[in-house]
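Enquirer: Quick one: this structure, given as structure tokens, is what I'll be asking you about.
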Amino acid sequence: MSAHVYGPVPSRRLGFSLGVDIIPLKTCSFDCIYCQLGRTKKKTIVRRKFFSSQEILQSIRAALRSGQRIDFITFSGSGEPTLNRLIGKLIREIKKLTPIPVAVLTNSSLISQKSVRESLLEADVVIPSLDAATAPTFKKVNRPEASVKIKVVVKGLESFRRDFTGEIWLEVVLVKGINDSPADIEALKKAIARINPDRVHLNTVVRPPAERWAFPLTREELEEIRAQLGGPAEIVADFHKKPQPAAAGSLEEAILSLVSRRPATTKDIAAALGRNKAEVLRQLNDLLSAKKIRVVRHKGRDFYEPK
Ligand code: SF4
Numbered sequence: 023m024s025a026h027v028y029g030p031v032p033s034r035r036l037g038f039s040l041g042v043d044i045i046p047l048k049t050c051s052f053d054c055i056y057c058q059l060g061r062t063k064k065k066t067i068v069r070r071k072f073f074s075s076q077e078i079l080q081s082i083r084a085a086l087r088s089g090q091r092i093d094f095i096t097f098s099g100s101g102e103p104t105l106n107r108l109i110g111k112l113i114r115e116i117k118k119l120t121p122i123p124v125a126v127l128t129n130s131s132l133i134s135q136k137s138v139r140e141s142l143l144e145a146d147v148v149i150p151s152l153d154a155a156t157a158p159t160f161k162k163v164n165r166p167e168a169s170v171k172i173k174v175v176v177k178g179l180e181s182f183r184r185d186f187t188g189e190i191w192l193e194v195v196l197v198k199g200i201n202d203s204p205a206d207i208e209a210l211k212k213a214i215a216r217i218n219p220d221r222v223h224l225n226t227v228v229r230p231p232a233e234r235w236a237f238p239l240t241r242e243e244l245e246e247i248r249a250q251l252g253g254p255a256e257i258v259a260d261f262h263k264k265p266q267p268a269a270a271g272s273l274e275e276a277i278l279s280l281v282s283r284r285p286a287t288t289k290d291i292a293a294a295l296g297r298n299k300a301e302v303l304r305q306l307n308d309l310l311s312a313k314k315i316r317v318v319r320h321k322g323r324d325f326y327e328p329k
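Shown next as structure tokens:
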């Protein structure tokens, strides 16, 4: 594991996904109430370089040499990846290294900027978020940096659809009582029709959120909304894939690197690292005793995160 690469992590949508993290922890234009990384201390829309591209590419090359199964190379991780102005160059360089498809997760906040749209054109899949299509609900759920306007975001997504020849999988995270009213869903439906994504993924608060009062919808509630949205909307189901062969290197380091990006259960960690559950549990207990991690209970499941 390196500072810029984690996994491959089993992902519900991307198979074994090698995460590429090009943003310092929790550098974001949003402060979503469901964020699994906690609150954003300082929101920003300023694009920067943050790290050297060589440093990041070295980490990716090393991961590609490791022989582990990788289905996607995915820009995601500690914040909003399009805030790194090297993202376009990095995607192009990865394309020279490997035929493995590249995915980018983005909160869509900067997609109205032409340079941002251009930087994503070489990706194979872009997974933009759109949790609300009206200004008041957008503010409630995503708590954006003040200059980010939802109308402009939706227009940016429409423009991106026109230019981009890869797949767009729009992700909607629904939070109970916040962005799930019939009026909110109707507004989303209209915006989705204009954006015309290849897929619409409905998700909810499945990991410990930034705000303890951000609650998930039930499967039945998600089903109702799926029916209301119609078209390509689908509920993102749980991941069921065979675990990876064991990753080399220290288990302690690997677990710390994994949980620093997102809270994970014992099962998630064992699957991501290709280790057996008992071995992972032993290591988790050591890390708990050393006060390097802690447990957070969410919806009846124990998630581990850094202390
Ligand atoms: S969920 Fe994503 S977009 Fe929202 S605050 Fe967290 S990192 Fe930013």
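In this text, residue positions in the sequence shown follow this note's numbering: the first is 23, and each later residue adds one.
Note that the Cβ used here is the ideal one computed from N, Cα and C, for glycine as well.
The structure displayed is predicted, hence computed values, not measured ones.
1) For Ser-355 and Arg-165, what's the separation of their Cα atoms in angstroms?
2) On a CA-only basis, which of Lys-299, Arg-234, Ala-293, Ala-300 is nearest Arg-319? Give me that one, please.
3) Going by beta carbon distance, what residues of the same chain come within less than 8 Å of Lys-117, once the five residues before and after it are set aside?
4) Pick from Thr-104, Ile-113, Thr-240, Cys-57: whose alpha carbon is nearest that of Ile-82?
5) Is any heavy atom in the ligand SF4 found nearer than 8 Å to the beta carbon of Ser-151?
6) Given Ile-247, which residues of its chain have a CB within under 6 Å of its CB, disregarding the five upstream and five downstream residues?
7) Could you check what DSSP says for Leu-47 in three-state terms: helix, strand or coil?
8) Please check the pair Leu-179 and Ile-217, which I expect to be a contact at CB under 8 Å, by giving their CB distance rounded to whole angstroms.
9) On the DSSP letters alone, give me the boundaries of the alpha helix (DSSP H) that Ser-75 sits inside.
10) Would you mind working out which of Ile-109, Val-228, Arg-139, Thr-49 sits nearest Asp-185, comparing C-alpha positions?
11) Which residues bound the beta strand (DSSP E) around Ser-39?
12) Under three-state DSSP, which class holds Arg-297?
13) To the nearest angstrom, how far is the alpha carbon of Gly-99 from that of Asn-129?
14) Tell me the rounded alpha-carbon separation between Arg-120 and Ala-205.
15) Just how far apart, CA to CA, sit Lys-198 and Gln-76?
16) Can you grab the Cα-Cα spacing for the pair Phe-261 / Arg-35, in whole Å?
17) CB-CB under 8 Å to Lys-212, same chain, minus the five flanking residues each way: which ones, in chain order?
18) Can you grab the Cα-Cα spacing for the pair Val-27 / Tyr-56, in whole Å?
19) Does the beta-carbon of Tyr-56, which I'm using as the reference point, lie nearer than 8 Å to any heavy atom of the ligand SF4?
20) In angstroms with no decimal places, state the Cα-to-Cα distance between Ala-168 and Ala-300.
21) Taking the alpha carbon of Pro-30 as the reference point, which residue from Ala-85, Cys-54, Gly-60 has its own alpha carbon closest?
22) For the ligand ATP, is there any heavy atom lying closer than 8 Å to the beta carbon of Ser-51?
23) Determine the extent of the beta strand (DSSP E) in which Gly-29 is found, giving its start and end residues.
24) Can you check which of these residues, Ala-215, Pro-219, Val-163, is closest to Thr-187 by C-alpha distance?
25) Please work out which residues of its chain come closer than 8 Å, Cβ to Cβ, to Leu-273, disregarding the five sequence neighbours upstream and downstream, and give them in chain order.
Expert: In short, the structure shows the following:
1) The chain is shown only over 23 to 329; residue 355 falls outside these bounds and no answer can be derived.
2) The residue with the shortest Cα to Cα distance from Arg-319 is Arg-234.
3) A distance below 8 Å between beta-carbons, with the five flanking residues on each side excluded, links Lys-117 to the following residues of its chain, in chain order: Val-124, Glu-144.
4) Ile-113
5) yes
6) Ile-207
7) coil
8) 5 Å
9) 75 to 87
10) Arg-139
11) 37 to 42
12) coil
13) Per the coordinates, the alpha-carbon of Gly-99 lies some 12 Å from the alpha-carbon of Asn-129.
14) First, the amino acid is wrong: residue 120 is Thr here, not Arg. Computed Cα separation, rounded: 45 Å.
15) Straight-line Cα distance between these residues: approximately 43 Å.
16) In this prediction, Phe-261 scores a pLDDT of 35, lower than 50, which makes its location untrustworthy; no coordinate-derived value is stated.
17) Ala-155
18) 24 Å
19) yes
20) 47 Å
21) Ala-85
22) No copy of the ligand ATP occurs in the structure displayed; its ligands are the ligand SF4 alone.
23) 27 to 33 is the extent of the beta strand (DSSP E) around Gly-29.
24) Selection Ala-215, Pro-219, Val-163 evaluated against Thr-187 yields Pro-219 as nearest (Cα-Cα).
25) Leu-295, Arg-297, Glu-301, Val-302, Gln-305
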